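What follows is one structure encoded as structure tokens, with my remarks underneath.
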Amino acid sequence: MLNFYIKTYGCQMNERDSEALACLLEARGYREVETETEADILIFNTCSVRDQAERKAIGKIGMMKMLKDEKPSLVIGVIGCMAQRLGSQILAELPQVDFVAGTDQLQNVPNLIAEAVTRHGRSAALEMGPGVFRELDGHRPGQLIAEVSVMRGCDQFCTYCVVPYCRGREKSRPIEAIVDEAERLAAGGTKELLLLGQNITAYGVAEARKAGTYTPEFSAFADLLVALNEVKGIERIRFTSPHVRFMNDKFVEAVTQLPKVCKCFHVPVQSGNDRILKLMHRNYTAKEYLDRIDAIRAKAPETLFSTDIIVGFCSETRQEFEDTHEVMRRVGYDMAYIFRYSQRSGTKAAETLTDDVPEAEKHERNQILLQELNESVARHNAQMIGQTVPVLIEGPSPRNPKRWCGRSDRNKMVLFDATPGLKVGDLRNFRIERSTENALYGTLDKS
Ligand code: SAH
Ligand code: SF4
Ligand code: F3S
2 MLNFYIKTYG CQMNERDSEA LACLLEARGY REVETETEAD ILIFNTCSVR DQAERKAIGK
62 IGMMKMLKDE KPSLVIGVIG CMAQRLGSQI LAELPQVDFV AGTDQLQNVP NLIAEAVTRH
122 GRSAALEMGP GVFRELDGHR PGQLIAEVSV MRGCDQFCTY CVVPYCRGRE KSRPIEAIVD
182 EAERLAAGGT KELLLLGQNI TAYGVAEARK AGTYTPEFSA FADLLVALNE VKGIERIRFT
242 SPHVRFMNDK FVEAVTQLPK VCKCFHVPVQ SGNDRILKLM HRNYTAKEYL DRIDAIRAKA
302 PETLFSTDII VGFCSETRQE FEDTHEVMRR VGYDMAYIFR YSQRSGTKAA ETLTDDVPEA
362 EKHERNQILL QELNESVARH NAQMIGQTVP VLIEGPSPRN PKRWCGRSDR NKMVLFDATP
422 GLKVGDLRNF RIERSTENAL YGTLDKS
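Residue 448 is where the sequence shown ends in our numbering, and the numbering goes up by one at each step.
Encoded structure:
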């Protein structure tokens with residue numbers, strides 16, 4: 002029996018693909034192991050979103066040459082977004098790599114492995130598009146929180162972003178297939194779903210446009226949430242990432258009214274300045290963005306928001322950056338990923354704009370926003386003291402096993418003393434006694 006190990010870089014979509022692939026490989030008789038050194042087959046699931054992400058993976062795969070020199074039968078495969086983008090180049094430059102497989106080729110990985118094992122041939126499977134990709138819906142058993150991919154690809158083409166090139170055109174799964182997957186997960190003990198899509202509010206949009214049924218009031222994503230809210234055993238539903246362009250009133254109604262949808266939303270803003278948003282091809286203004294946040298808060302005032310921001314995009318002035326800072330102050334995010342713009346070849350920004358904000362300035366802007374974020378998170382956490390919140394119990398805290406942890410419905414990590422009678426997967430109320438920047442400390446509410 003051959004052992005495999007998958008190293009995953011990048012976003013949750015890659016994590017989910019790795020999980021589905023692991024299940025497929027196990028079904029074909031391979032066995033998953035915990036370390037690279039035990040593996041006969043090493044798979045790198047890669048990310049291309051920023052230059053640093055690619056360099057990290059290339060550096061790591063480069064180091065695998067030593068392992069392969071020691072064990073020539075070792076099979077090394079590179080899959081995911083960087084494989085899609087640079088597949089043939091990877092094969093040409095890294096002789097230790099046996100195969101590369103693109104993002105629509107997951108189902109072919111067992112064949113590529115078999116070929117590498119038996120014939121020692123080197124191959125590339127990079128074809129994309131309708132008809133090529135088959136959804137894999139395997140999950141590791143017994144997960145309290147499970148990721149479910151509801152759509153793939155992205156048609157948004159933000160000018161800085163490689164995702165549409167790496168993951169292809171948007172394609173959504175039928176509602177029935179997703180509900181069916183959720184029911185199977187619930188039967189296996191899953192309590193929380195994390196729905197995934199790069200442009201998740203465009204769920205079903207490409208299909209509706211093709212059928213001529215798309216209108217501004219359309220939100221198949223809202224319909225999906227309504228259907229998933231009915232699944233017995235599922236207690237919580239989260240999703241990532243929505244795009245403001247498709248956050249219409251039907252969406253707002255669904256996410257604020259459905260009881261299982263957690264009232265904390267990741268809504269990437271990228272910039273708070275209209276000229277920059279236009280250059281980025283985001284299709285909304287800062288005012289339209291804030292209007293959607295306000296629309297959600299009007300119906301669900303306790304909602305927390307998180308976001309993605311890019312600082313130092315081509316030609317961004319200090320004053321324009323200050324507009325982003327202002328949006329952060331206005332929304333008061335509870336979490337944010339703040340990135341320095343990284344030029345990606347092949348994107349429209351790389352071809353038509355100049356990456357002219359100096360690195361030191363990008364760094365400084367990043368620091369200013371991080372400071373703003375820390376202050377707003379500390380404010381949110383301090384406000385939580387004295388409140389009682391529902392927590393889905395995850396078990397011993399990875400940092401300090403004497404303590405247990407779980408997340409509140411608004412995605413806050415809550416730590417508490419291990420208490421007899423509490424079980425992993427229980428949903429219980431905790432009273433928050435104190436807080437730090439990273440966590441809340443609570444005691445079980447016995448009432
Ligand atoms: N689909 C999601 C996010 C996809 S990528 C969305 O549209 O919101 C995750 C984040 O990486 C993006 O939100 C963006 O903030 C960042 N990102 C993407 N391309 C980048 C680039 N070239 N340089 C810096 N950050 C980038
Ligand atoms: Fe990239 Fe924009 Fe698509 Fe997000 S919406 S994946 S940032 S192109
Ligand atoms: Fe990276 Fe691909 Fe995700 S480029 S961020 S792994 S979709």
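Idealized CB from N, CA, C, for every residue including glycine. This one's a predicted model, so the numbers in the text were calculated from it and none came from an experiment.
Could you name the residues that DSSP lists as bridge partners for residue i?
i: residue 219; result: According to DSSP, which records beta bridges pairwise, residue 219 is partnered with nothing at all.
i: residue 29; result: DSSP output for residue 29 lists no bridge partner at all.
i: residue 44; result: 7, 78
i: residue 340; result: 311
i: residue 172; result: 153
i: residue 407; result: 394, 415
i: residue 101; result: 79, 125
i: residue 303; result: Paired residues: none, contrary to the question.
i: residue 240; result: 196
i: residue 262; result: 238
i: residue 436; result: 441
i: residue 389; result: 432
i: residue 93; result: None, per the DSSP bridge assignment.
i: residue 147; result: 194
i: residue 271; result: 310
Quick check: residue i and residue j, are their CB atoms within less than 7 Å of each other?
i: residue 58; j: residue 6; result: no
i: residue 291; j: residue 265; result: no
i: residue 110; j: residue 22; result: yes
i: residue 84; j: residue 47; result: yes
i: residue 274; j: residue 335; result: no
i: residue 446; j: residue 263; result: no
i: residue 159; j: residue 326; result: no
i: residue 317; j: residue 358; result: yes
i: residue 230; j: residue 261; result: yes
i: residue 77; j: residue 99; result: yes
i: residue 232; j: residue 182; result: no
i: residue 440; j: residue 414; result: yes
i: residue 378; j: residue 438; result: yes
i: residue 17; j: residue 150; result: yes
i: residue 106; j: residue 126; result: yes
i: residue 128; j: residue 122; result: no
i: residue 163; j: residue 155; result: no
i: residue 176; j: residue 228; result: yes
i: residue 416; j: residue 398; result: yes
i: residue 215; j: residue 246; result: no
i: residue 314; j: residue 342; result: yes
i: residue 114; j: residue 62; result: no
i: residue 8; j: residue 45; result: yes
i: residue 223; j: residue 255; result: yes
i: residue 348; j: residue 161; result: yes
i: residue 20; j: residue 141; result: yes
Between the Cα of residue i and those of the options, spot the shortest distance and give me the residue it belongs to.
i: residue 225; options: 99, 135, 203; result: 203
i: residue 310; options: 260, 356, 363; result: 363
i: residue 173; options: 236, 221, 186; result: 221
i: residue 36; options: 63, 347, 68, 140; result: 68
i: residue 139; options: 189, 170, 103; result: 189
i: residue 236; options: 186, 347, 120, 338; result: 186
i: residue 170; options: 198, 288, 180; result: 198
i: residue 458; options: 213, 104, 386, 412; result: Look at the range of the chain in this structure, 2 to 448, and you will see that residue 458 is not part of it.
i: residue 340; options: 405, 101, 369, 419; result: 369
i: residue 376; options: 54, 402, 330; result: 330
i: residue 118; options: 88, 31, 131; result: 31
i: residue 319; options: 52, 272, 55, 345; result: 272
Throw me the rounded Cβ distance for the residue i and residue j pair, which I believe falls under 8 Å.
i: residue 332; j: residue 300; result: Not a contact, Cβ separation roughly 16 Å.
i: residue 244; j: residue 200; result: 5 Å
i: residue 448; j: residue 442; result: The pair is not a contact, with the Cβ atoms about 19 Å apart (cut-off 8 Å).
i: residue 137; j: residue 108; result: 6 Å
i: residue 86; j: residue 167; result: 5 Å
i: residue 124; j: residue 82; result: Incorrect: roughly 19 Å between the Cβ atoms, too far for contact.
i: residue 217; j: residue 249; result: 6 Å
i: residue 367; j: residue 328; result: Contact doesn't hold; Cβ gap of about 16 Å is too wide.
i: residue 241; j: residue 297; result: Going by Cβ atoms, the distance from residue 241 to residue 297 rounds to 15 Å, so no, they are not a contact pair.
i: residue 40; j: residue 34; result: 6 Å
If we define contact as Cβ-Cβ less than 7 Å, is residue i a contact residue for chain C?
i: residue 294; result: Reference to chain C is not applicable here, since this structure consists of a single protein chain.
Inter-stretch contact (C-beta, 8 Å, three-pair minimum) for the segment 137 to 151 and the segment 186 to 194: yes
Determine contact between the segment 419 to 435 and the segment 390 to 404, defined as no fewer than three beta-carbon pairs at a distance below 8 Å. yes
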